[in-house]
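Engineer: Take 8 as the starting number for the sequence shown in the working numbering and just add one per residue. Think of the CB as a built atom: it goes at the ideal place given N, C-alpha and C, for glycine as much as any other residue. Since the model is a prediction, treat every value here as computed from it, not as a measurement.
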Amino acid sequence: MRTPVFDLLDQLVDSCQDNRDGQVAQYIPELADADPEKLALALCTPDGRVYTSGDAEHEFTMQSISKPFTYALALRDRGLDRVLQSVDVEPSGNAFNEISLDSRGRAKNPMINIGAITTYALAGDDDMTAGDRLEHVLDGLSQFAGRELSVAEDVYQSELSTGWRNLALAALMKGNDLLVGEPQDAMHGYTRACAINVDARDVAVMGMTLATGGVNPLTKKRVIPQWVARQVLSVMTTCGMYDSAGDWLSRVGIPAKSGVSGGVLGALPGQVGIGAFSPRLDRFGNSVRGVKIYERLSHQLGLHIMNTP
Ligand code: GLN
């Protein structure tokens, strides 16, 4: 049934369609082939209703949108203190692939590559093989989505062929004695998690699972404890949009995470999960039309987290 929500989403998608600013990510060969015209928006409500517009069933790889979810699994599996020993929660002020460490050698936060690779290796327990850990993470992310997700092997292979910097970041953390297992396993596993396929609808459901405090709105199953959801949403708020997190928070005001394939995950506590997708990126690595559509959505529905009554 058509509702005013569908009309609003269509109107938002239409209003951004003609924006051709930015460039599709080039540094992962397979991503450079993405269709730059795709544009999708999806919302999920606490009771599991999903509203979509545009290319909402077009699949893309999660890339950095996977980071909040592997962070959530690491927190659930190891506890906050153990995760904080290796990965802090401070904004880095640097690009996502920089060597951003604090004075103790910890990664600055789990939303940049060095922190996310370290976090990936903390999901599960010490007895897991690299294969077990990958299964564990894929299964965990599938629980957030409420359906079985899979890895785009072509994108994974493509990123592996150019992933030297990520391997170096993993080795650096090993050198600091803060990485569980082998650097190669952590880098390969992290890269596979980045190559998990989703569509905008999945992203909205995954966002709502964080925004409910950890219960998937479709399956009604608890995926993570409430304290973990709060921790993840907090770090998304301060570190989720790379080096434009401050601008994003003041303009849009929704805890969010973007990825280089063009996806933007949003999660407004207790209210809504949001998925947007459009491949052209701005200079920070955020989707140009994704950012625009969130700005307009937040404004029109009054979603800014700092709005006062
Ligand atoms: N897999 C990508 C990388 O490690 C993810 C980066 C991103 O989305 N910003 O470079």
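#1: What's the C-alpha gap between Y34 and I203?
#2: Alpha carbon to alpha carbon, how far is G292 from D266? Give it in angstroms, no decimals.
#3: So, G196 versus R140, is the Cβ gap smaller than 8 Å?
#4: How do the region 149 to 158 and the region 92 to 101 stand: do at least 3 beta-carbon pairs fall below 8 Å, yes or no?
#5: Rounded to the nearest angstrom, what separates A193 and P11 at their Cα positions?
#6: Is the Cβ-Cβ distance between V295 and N101 less than 8 Å?
#7: Compute the Euclidean distance between the alpha carbons of V187 and G309, then round it to the nearest angstrom.
#8: Using 8 Å as the Cβ pair cut-off and three pairs as the minimum, do the region 45 to 60 and the region 176 to 183 touch?
#9: For a test of your reading of the model: does the CB of T198 fall under 7 Å from any non-hydrogen atom of the ligand GLN? Yes or no.
#10: By the 10 Å Cβ neighbour count, where 16 or more other Cβ atoms means buried, how is T77 classified, buried or exposed?
#11: Measure the CB-CB distance between I281 and G214 and report whether it falls below 8 Å.
#12: What residue range is occupied by the uninterrupted alpha helix (DSSP H) comprising K74?
#13: Would C51 and A211 qualify as a contact pair, given that the criterion is a beta-carbon distance under 8 Å?
#14: Let me know the secondary structure DSSP gives N104 once reduced to three states.
#15: Would you check whether the ligand GLN has a heavy atom nearer than 7 Å to the C-beta of V267?
#16: Compute every distance between the C-beta of S168 and the non-hydrogen atoms of the ligand GLN, then say whether any falls below 7 Å.
#17: Have a look at the DSSP bridge pairing and note the partners of A274.
Structural biologist: Quick look at the numbers:
#1: Counting from 1 along the sequence shown, the entry for residue 34 is found at position 27. Counting from 1 along the sequence shown, the entry for residue 203 is found at position 196. Roughly 18 Å separates the two Cα atoms.
#2: Start at 1 with the first residue of the sequence shown, and residue 266 comes out as number 259. Start at 1 with the first residue of the sequence shown, and residue 292 comes out as number 285. The question names Asp, but residue 266 is Gly in the sequence shown. Roughly 7 Å separates the two Cα atoms.
#3: In the sequence shown, counting from the first residue as 1, residue 196 sits at position 189. In the sequence shown, counting from the first residue as 1, residue 140 sits at position 133. Going by C-beta atoms, G196 is nearer than 8 Å to R140.
#4: The region 149 to 158 vs the region 92 to 101: no contact.
#5: By one-based count along the sequence shown, residue 193 stands at place 186. By one-based count along the sequence shown, residue 11 stands at place 4. Using only the alpha carbons, I get a separation of about 45 Å.
#6: Locating residue 295 in the sequence shown gives position 288, counting from the first residue. Locating residue 101 in the sequence shown gives position 94, counting from the first residue. With respect to the 8 Å criterion, V295 and N101 are not classified as neighbours on the basis of their beta carbons.
#7: By one-based count along the sequence shown, residue 187 stands at place 180. By one-based count along the sequence shown, residue 309 stands at place 302. Going by the C-alpha atoms only, they are around 43 Å apart.
#8: Judged by Cβ distances under 8 Å, the region 45 to 60 makes no contact with the region 176 to 183, as fewer than three pairs qualify.
#9: Numbered from its first residue, the sequence shown carries residue 198 at position 191. The answer is yes for T198.
#10: Walking along the sequence shown from the start, residue 77 turns up at place 70. Burial is judged here by how many other beta carbons sit within 10 angstroms of a residue's own beta carbon; T77 has at least 16 and is buried.
#11: Within the sequence shown, residue 281 is the residue found at index 274, counting from 1. Within the sequence shown, residue 214 is the residue found at index 207, counting from 1. Judged by their CB atoms, I281 and G214 are nearer to each other than the 8 Å cut-off.
#12: If you number the sequence shown from 1, residue 74 lands on position 67. Counting along the chain, the unbroken alpha helix (DSSP H) around K74 starts and ends at 73 to 85.
#13: In the sequence shown, counting from the first residue as 1, residue 51 sits at position 44. In the sequence shown, counting from the first residue as 1, residue 211 sits at position 204. By the CB criterion at 8 Å, C51 and A211 fall inside the cutoff.
#14: In the sequence shown, the residue the question calls residue 104 occupies position 97. DSSP places N104 in coil when its eight states are reduced to three.
#15: Position 260 of the sequence shown holds residue 267. Flag set: Cβ of V267 near the ligand GLN.
#16: The residue labelled residue 168 in the question sits at position 161 within the sequence shown. Incorrect: S168 has no Cβ contact closer than 7 Å to the ligand GLN.
#17: If you number the sequence shown from 1, residue 274 lands on position 267. Per DSSP, G280.
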